[in-house]
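Student:
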Amino acid sequence: MTLGFIRPKTVGELLEVLAEYKDGSKIVAGATDLLVQQRNSKQVEGKPLYLVDITGIPELAYINVESGVVRIGAATTHRDIARSTVIQDVAPFLADACLTVGSPQIRARGTIGGNIINASPAADSLPPLAALSAQVRLVSKRGSRDIAICDFFKGPYKTVIEPGELLQEVFFKVPKNPGNCSFLKIGRREAVAISRLSVAVLLDVDESGKITEAAIAPGSCLPMPARIVRAEETLTGKVPDEETVEAAANEVGEEMVRVSGVRWSTPYKKPVICALTRRAIWKALGVDVD
Ligand SMILES: Cc1cc2nc3c(=O)[nH]c(=O)nc-3n(C[C@H](O)[C@H](O)[C@H](O)COP(=O)(O)OP(=O)(O)OC[C@H]3O[C@@H](n4cnc5c(N)ncnc54)[C@H](O)[C@@H]3O)c2cc1C
Numbered sequence: 378m379t380l381g382f383i384r385p386k387t388v389g390e391l392l393e394v395l396a397e398y399k400d401g402s403k404i405v406a407g408a409t410d411l412l413v414q415q416r417n418s419k420q421v422e423g424k425p426l427y428l429v430d431i432t433g434i435p436e437l438a439y440i441n442v443e444s445g446v447v448r449i450g451a452a453t454t455h456r457d458i459a460r461s462t463v464i465q466d467v468a469p470f471l472a473d474a475c476l477t478v479g480s481p482q483i484r485a486r487g488t489i490g491g492n493i494i495n496a497s498p499a500a501d502s503l504p505p506l507a508a509l510s511a512q513v514r515l516v517s518k519r520g521s522r523d524i525a526i527c528d529f530f531k532g533p534y535k536t537v538i539e540p541g542e543l544l545q546e547v548f549f550k551v552p553k554n555p556g557n558c559s560f561l562k563i564g565r566r567e568a569v570a571i572s573r574l575s576v577a578v579l580l581d582v583d584e585s586g587k588i589t590e591a592a593i594a595p596g597s598c599l600p601m602p603a604r605i606v607r608a609e610e611t612l613t614g615k616v617p618d619e620e621t622v623e624a625a626a627n628e629v630g631e632e633m634v635r636v637s638g639v640r641w642s643t644p645y646k647k648p649v650i651c652a653l654t655r656r657a658i659w660k661a662l663g664v665d666v667d
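Okay, structure coming up:
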């Protein structure tokens, strides 16, 4: 195995490198997923592998809002997203989700781009991004393409990104009611815990208290990020009461079983995702419940 390390300084240089080495290159950002994978992977003898470090490219780390669209550069760390006053204002549940990732050290190195590309069903940034109807922008020497986040995944740890492509940014419209959102996660312990279950909720509520739009996206529940349309429809057009919220939350558990089947973990996961979703909906409505 040949191993080289390349550190481009601009996106232009990076795209040249990716176009030249394609399959023989691997982008590295914070390396918090990649290092673990490299250690476990069996490289094909003789196949060159170049690690292409993108952390020296300042134009890939940014958070900005322009014309009502929030753009987050792929190399932006979880720490910077969690601390960003922009994200705290326009999508506080994304800041909350990034704040639950790993430990301070992991958040300081791990990037949102790496989290998206790694495509773990337990990735914490993905439920809020799905609820926000975010899109990803992929660029290569051939041009660029934008893909809705829920269409970007082919399965657990699999995406539609092609050799030679870079994830440049993730972007989404500023929600109408950024305050009406929540992200809840449970892990096996209080800190440095991969999510056992999580859920992101984003609601649009009118002056009469009626929910006019609902977005519900669970994590660690389905093979890849998805919105639970039946749950969203259960809430839409209603002034929420206990019965409606419970019915919507139960739809999330039902969808998990419909998609993933009954597994050894279902007797635990189904009631817990229903309870977590119920709490998350009320939290998004500004009500704390048990
Ligand atoms: C101890 C520990 C705890 C963790 N806890 C959590 C947690 O609580 N929640 C959670 O969601 N994750 C967790 N993780 C996983 C990891 O930290 C995150 O997924 C992180 O966001 C990965 O980002 P990175 O920059 O380190 O990616 P890297 O490891 O550098 O890269 C990951 C993958 O993405 C590719 N890649 C990276 N950037 C780009 C790009 N811009 N374009 C194209 N391809 C790219 C790489 O080639 C690689 O395939 C944890 C990891 C560890 C080691």
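For the sequence shown, this note's numbering assigns the number 378 to the initial residue and increments by one for each residue that follows. Each residue gets a CB set at the ideal place from its N, CA and C atoms; glycine is no exception.
Say yes only if the C-beta of I449 is nearer than 7 Å to one or more non-hydrogen atoms of ligand 1, and no if none qualify.
Tutor: Incorrect: I449 has no Cβ contact closer than 7 Å to ligand 1.
Student: Got a sec? Which residues, its chain only, sit under 7 Å from L391 by beta carbon, not counting five neighbours each side?
Tutor: Excluding positions up to five away in sequence, the list reads P385, V429, I431, I434, L543.
Student: Which two residues bound the contiguous alpha helix (DSSP H) that contains P595?
Tutor: First-last for P595: 588-596, but that is the beta strand (DSSP E), not the alpha helix (DSSP H).
Student: Using DSSP bridges, identify the partner residues of T536.
Tutor: Answer is F530, bridged to T536.
Student: For R655, decide whether its Cβ has a neighbour in chain C, counting only Cβ atoms nearer than 8 Å.
Tutor: Within the model displayed, chain C is absent; a lone protein chain is all it includes.
Student: When every heavy atom of ligand 1 is checked, does at least one fall within less than 7 Å of the C-beta of A406?
Tutor: Answer for A406: yes, Cβ within range of ligand 1.
Student: Helix, strand or coil, according to DSSP, for R655 in the structure here?
Tutor: Of the three classes helix, strand and coil, the one that applies to R655 here is helix, per DSSP.
Student: Could you check if R656 is buried or exposed, using at least 16 other CB atoms within 10 Å of its CB as the buried criterion?
Tutor: With 16 or more Cβ atoms within 10 Å of its Cβ, R656 is classed as buried.
Student: Within its chain, find whatever has a CB closer than 8 Å to the CB of T409; leave out the 5 residues flanking it on each side and keep chain order.
Tutor: Answer for T409: G479, I483, R486, G487, G491, listed in chain order.
Student: Entirely within the region 379-425 and at least 4 residues each: give me those alpha helix (DSSP H) ranges in chain order.
Tutor: Complete alpha helix (DSSP H) runs here, min 4: 388-398, 411-417.
Student: Comparing the CB of R456 with every heavy atom of ligand 1, is any distance shorter than 7 Å?
Tutor: Outside the cutoff, so no.
Student: Span of the alpha helix (DSSP H) holding R456?
Tutor: Run containing R456: 455-460, per the alpha helix (DSSP H) assignment.
Student: In whole angstroms, what is the alpha-carbon distance linking S497 and K553?
Tutor: Each residue's alpha carbon lies about 29 Å from the other.
Student: When DSSP builds the beta bridges, which residues end up paired with T488?
Tutor: Answer is T454.
Student: Using DSSP bridges, identify the partner residues of C558.
Tutor: Per DSSP, L579.
Student: Look up D430 in the DSSP assignment and say whether it is helix, strand or coil.
Tutor: Of the three classes helix, strand and coil, the one that applies to D430 here is strand, per DSSP.
Student: G614 by DSSP, collapsed to three states: which one?
Tutor: Note: G614 maps to coil in three-state DSSP.
Student: Within the chosen definition, does the region 556-576 reach the region 532-542 through at least 3 CB pairs nearer than 8 Å?
Tutor: Flag = no, the region 556-576 and the region 532-542 do not touch.
Student: Do you know how far the Cα of T536 is from the Cα of R448?
Tutor: Rounded to whole angstroms, R448 to T536 spans 20 Å at the Cα level.
Student: Tell me the DSSP secondary structure of I440 in three-state form.
Tutor: I440: strand per DSSP, three-state reduction.
Student: Leaving out five residues on either side along the sequence, give the residues of the same chain with a beta carbon under 8 Å from the beta carbon of P504.
Tutor: Counting only Cβ-Cβ distances below 8 Å, and skipping sequence neighbours, we find A474, F560, S575, V576, A577, A594, P595, G596, P602.
Student: Would you check if the region 621-628 and the region 604-613 touch, i.e. whether three or more CB-CB distances between them fall below 8 Å?
Tutor: Judged by Cβ distances under 8 Å, the region 604-613 makes contact with the region 621-628, as three or more pairs qualify.
Student: Let's see if you can read the secondary structure: which residues bound the alpha helix (DSSP H) around R635?
Tutor: From DSSP, the alpha helix (DSSP H) with R635 extends over 619-637.
Student: Measuring straight from C-alpha to C-alpha, what distance separates T621 and V463?
Tutor: Rounded to whole angstroms, T621 to V463 spans 33 Å at the Cα level.
Student: Can you give the Cα-Cα distance for A418 and V664, rounded to whole angstroms?
Tutor: Per the sequence shown, residue 418 should be read as Ser rather than Ala. Cα to Cα, the separation comes out at about 47 Å.
Student: Could you spell out the range, first to last residue, of the alpha helix (DSSP H) harbouring L506?
Tutor: That run of the alpha helix (DSSP H) goes 503-508.
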